[in-house]
Amino acid sequence: MLPTVLAASFLEVRPGLIFWTLITFVAVLVVLRWKAWGPILSLVEEREKQIASAIESAKRERAEAEKLLADQKTAIAEARRDAAEMMRKNQQDVEKYREELMAKSRKEAEEFKAQARREIEDQKTKAIAEVRTMAVDLALEVAGKLIAERMDDSKHRALAEQFVKGLPVGPGGTPRA
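Numbered according to our numbering, the sequence shown terminates at residue 179, and the numbering increases by one at each position without gaps.
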């Protein structure tokens with residue numbers, strides 16, 4: 003029987019209990035509004051301000067970080083361009099220096115060749131003159147021995163030179179003996 007008594011007491015309307023429950027609720031509501039509601043609302047407002055300030059600060063820092071990142075990217079790109087320009091300029095300088103050295107070397111080689119040709123020509127001329135002189139002297143000796151009569155030296159030379167001119171010419175322009 004006890005469970006039916008409790009169930010009946012929950013369903014039963016008691017006006018006195020409702021009145022005191024309402025009075026207690028209003029009293030708790032007034033005390034909470036007077037003592038707790040103001041401080042709670044001020045804490046909530048303070049927290050909202052802190053959150054808003056943190057959001058604004060984060061936005062400013064993000065914008066500043068993005069600006070710094072863009073500046074850094076620009077600086078890196080410019081440094082790369084400068085490095086590429088320096089490399090290109092250095093390559094041009096090296097190529098120019100190489101071409102100057104090659105031109106100087108060619109010029110010196112041509113000068114050496116020309117000097118060697120001049121020396122060869124000089125030596126060739128000297129050798130031809132020496133050979134001619136030796137041929138003339140030899141011809142004079144031979145002619146002197148062959149001809150019994152005595153000729154003077156100028157006649158001997160003229161005869162020898164005529165003989166040398168009559169000799170066949172070999173390759174390189176030298177007379178063949």
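Beta carbons are placed, not taken as given, at the ideal position from N, Cα and C, and that holds for glycine.
Should ALA160 go down as buried or exposed, given a rule of 16 or more other Cβ atoms within 10 Å for buried?
Residue 160 sits at position 158 when you count from the first residue of the sequence shown. It counts as exposed.
Taking three-plus beta-carbon pairs below 8 Å as touching, is the stretch 128 to 143 in contact with the stretch 155 to 169?
yes
Let me confirm a value: ALA79 is counted as buried when at least 16 other C-beta atoms fall within 10 Å, else exposed. Which label applies?
Within the sequence shown, residue 79 is the residue found at index 77, counting from 1. With fewer than 16 other Cβ atoms within 10 Å, it is exposed.
For the alpha helix (DSSP H) holding ALA38, just list the boundary residues, first then last.
The residue given as residue 38 occupies position 36 in the sequence shown. Careful: ALA38 lies outside any alpha helix (DSSP H) and carries neither H nor E.
Shorter than 8 Å from the beta carbon of GLU132 to some beta carbon of chain C?
This model lacks chain C altogether; it includes just one protein chain.
Spatial neighbours of PHE165 within its chain, please: CB distance less than 7 Å, with the 5 preceding and 5 following residues excluded, ordered by chain position.
Here residue 165 corresponds to residue number 163 of the sequence shown, with the count starting at 1. Only ALA141 meet the Cβ criterion.
Taking only the alpha-carbon atoms, compute the straight-line gap between ALA150 and ILE122 and give it to the nearest angstrom.
Locating residue 150 in the sequence shown gives position 148, counting from the first residue. Locating residue 122 in the sequence shown gives position 120, counting from the first residue. Confidence in ALA150 is poor, its pLDDT being 47 and thus under 50, which makes the residue's placement unreliable; the coordinate value appears in the next sentence. Each residue's alpha carbon lies about 42 Å from the other.
At what residues does the alpha helix (DSSP H) containing GLU163 begin and finish?
Residue mapping note: residue 163 aligns to position 161 of the sequence shown, counting from 1. 155 to 167 is the span of the alpha helix (DSSP H), which, as asked, contains GLU163.
If you reduce the DSSP assignment to three classes, tell me which class GLU14 lands in.
Locating residue 14 in the sequence shown gives position 12, counting from the first residue. GLU14: coil per DSSP, three-state reduction.
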